[in-house]
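Here the structure is laid out as structure tokens; the discussion comes afterwards.
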Amino acid sequence: MLTMNVLTGDISPCRDVMEKDIYFCLPEFSANSEEIFVDAGAFVGNTVERFIWENLETFRHIYAFEPGYK
Numbered sequence: 021m022l023t024m025n026v027l028t029g030d031i032s033p034c035r036d037v038m039e040k041d042i043y044f045c046l047p048e049f050s051a052n053s054e055e056i057f058v059d060a061g062a063f064v065g066n067t068v069e070r071f072i073w074e075n076l077e078t079f080r081h082i083y084a085f086e087p088g089y090k
């Protein structure tokens with residue numbers, strides 16, 4: 021199901037299985053095409069992915085990184 025949703029761009033069936041109250045559930049939290057989203061502890065990117073799926077918005081930029089020793 022998820023693969024077909026990604027290929028067709030139709031995410032409406034995914035709404036039935038999404039958990040709305042885990043991340044970014046504040047009512048005043050909204051995004052628009054001028055917003056820049058930064059995840060400064062991205063690990064493998066799962067939070068950014070969830071953010072995109074739950075908010076279904078377009079952002080100017082998304083920066084995701086995991087700080088480490090260099």
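In terms of the numbering used here, the sequence shown opens at residue 21 and continues consecutively.
Ideal Cβ positions, reconstructed from N, Cα and C, are used throughout, including at glycine.
Just the C-alpha distance for residue i and residue j, rounded to the nearest angstrom, thanks.
i: Val58; j: Ala84; result: 6 Å
i: Thr28; j: Phe63; result: 28 Å
i: Glu65; j: Tyr89; result: According to the sequence as given, residue 65 is Gly; it is not Glu. Straight-line Cα distance between these residues: approximately 19 Å.
i: Arg70; j: Pro87; result: 20 Å
Assign residue i to one of three DSSP states: helix, strand, or coil.
i: Phe57; result: strand
Here's a check: name, in chain order, each residue in its chain whose Cβ is nearer than 6 Å to the Cβ of residue i, leaving out the five neighbours to either side.
i: Trp73; result: none
Looking at C-alpha atoms only, which residue of the options is the closest neighbour of residue i?
i: Gly61; options: Thr23, Ile82, Gly29, Glu55; result: Ile82
Could you name the residues of the same chain whose beta carbon sits closer than 7 Å to that of residue i, not counting the 5 residues immediately before and after it, in chain order?
i: Leu46; result: Per-residue confidence for Leu46 stands at a pLDDT of 49, beneath the threshold of 50, marking its modelled position as unreliable; no derived number is given.
i: Thr78; result: Ser53
Here's a check: name, in chain order, each residue in its chain whose Cβ is nearer than 8 Å to the Cβ of residue i, leaving out the five neighbours to either side.
i: Arg80; result: Ser53, Glu54, Glu55, Ile56
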